[in-house]
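S.K.: Numbering (the working numbering), first residue to last: 19 to 267.
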């Protein structure tokens with residue numbers, strides 16, 4: 019799946035609507051058999067130098083490899099296939115993100131060494147502006163996009179996802195907000211409240227009012243997020259902004 023979360027989730031949910039009513043063992047077996055098809059499709063696109071198309075196929079390979087609980091080395095190989103498309107397009111930070119999902123896998127070790135100098139040549143500034151990723155599983159990354167808003171403020175756009183065991187059939191739970199907040203000392207706090215009209219989620223974790231504070235601490239390469247009252251952010255079940263995010267842009 020290519021990295022366009024809203025389009026991805028819409029597609030997953032559309033497929034889910036038809037599949038959810040009839041998730042049989044035969045259906046799952048047939049879907050899991052498609053992993054090799056996605057791998058072949060990606061290789062064909064790669065051979066034609068169509069790297070974006072190859073990535074879309076390889077991300078499908080990742081999604082179903084994880085959903086079907088294939089061996090770790092097969093999943094890691096799929097991660098590397100995606101990473102290699104980014105390397106071909108000189109998008110080394112996104113490649114690094116994928117490689118770090120299985121950093122000990124031999125091909126990952128090789129590819130990480132390959133792009134080490136490239137990454138060093140492209141250091142990020144201390145400005146928080148950019149795109150930050152955290153892996154949600156099933157080939158999808160959660161994202162936080164930060165842009166300057168002037169007057170020591172930043173705009174924070176969060177797209178969060180969480181998958182259950184049957185994630186590609188049931189679709190992910192989701193959470194989203196867009197807020198403009200003060201930025202000082204590499205730190206910002208997003209306050210979500212009941213009267214916000216830019217907060218959304220599905221299958222919410224709590225029936226209580228929306229009342230949470232999300233603290234963001236930035237370094238050039240990482241974003242650390244901690245939340246006060248995470249169950250009251252209004253996101254879907256198990257969706258959270260908490261954790262360490264890596265900068266990809």
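The C-beta atom is built at its ideal place from N, Cα and C for all residues, glycine as well. Predicted model only: the values in this text are computed from it and were never measured.
Look at the alpha carbon of residue 126 and the alpha carbon of residue 116, and state the distance between them as a whole number of angstroms.
M.R.: Using only the alpha carbons, I get a separation of about 9 Å.
S.K.: Kindly indicate which three-state DSSP category residue 200 falls into: helix, strand or coil?
M.R.: Residue state, collapsed to three classes: strand.
S.K.: Which word fits residue 183, buried or exposed, when buried means at least 16 other C-beta atoms lie within 10 angstroms of its C-beta?
M.R.: Residue 183 comes out exposed.
S.K.: With distances taken between CB atoms, is the gap from residue 242 to residue 250 smaller than 9 Å?
M.R.: The answer is no: Cβ separation not under 9 Å.
S.K.: Can you find a C-beta in chain D that's less than 9 Å from the C-beta of residue 132?
M.R.: The chain labelled as chain D is not found in the depicted structure, where only one protein chain is given.
S.K.: Cα separation between residue 133 and residue 105?
M.R.: Those two C-alpha atoms are separated by around 8 Å.
S.K.: Using a Cβ-based criterion (distance less than 8 Å to any ligand heavy atom), does residue 240 qualify as near the ligand GTP?
M.R.: As for the ligand GTP, it is missing from this structure, which has no ligand bound.
S.K.: Here's the rule: buried if 16 or more other CB atoms are within 10 angstroms of the residue's CB, otherwise exposed. What is residue 152?
M.R.: So residue 152 ends up on the buried side.
S.K.: Alpha carbon to alpha carbon, how far is residue 30 from residue 178?
M.R.: With a pLDDT of only 48 at residue 30, under 50, the local geometry of the prediction cannot be trusted, and the value read off the model is given with reservation. The alpha-carbon atoms of residue 30 and residue 178 are separated by roughly 15 Å.
S.K.: Can you name, in chain order, every residue of its own chain whose Cβ lies under 8 Å from the Cβ of residue 228, other than the five neighbours on each side?
M.R.: 210, 211, 212, 214, 217, 250, 251, 252, listed in sequence order.
S.K.: Check whether the region 138 to 151 and the region 43 to 62 touch, using three or more Cβ-Cβ pairs below 8 Å as the test.
M.R.: The answer is no - the region 43 to 62 does not touch the region 138 to 151, with fewer than three Cβ pairs under 8 Å.
S.K.: With a cut-off of 8 Å on the beta carbons, I'd call residue 164 and residue 199 a contact; round off their distance for me.
M.R.: Incorrect: roughly 10 Å between the Cβ atoms, too far for contact.
S.K.: Between the Cα of residue 14 and those of 240, 258, 100, 168, spot the shortest distance and give me the residue it belongs to.
M.R.: The structure shown does not extend to residue 14, since the chain spans only 19 to 267, so no value can be given for it.
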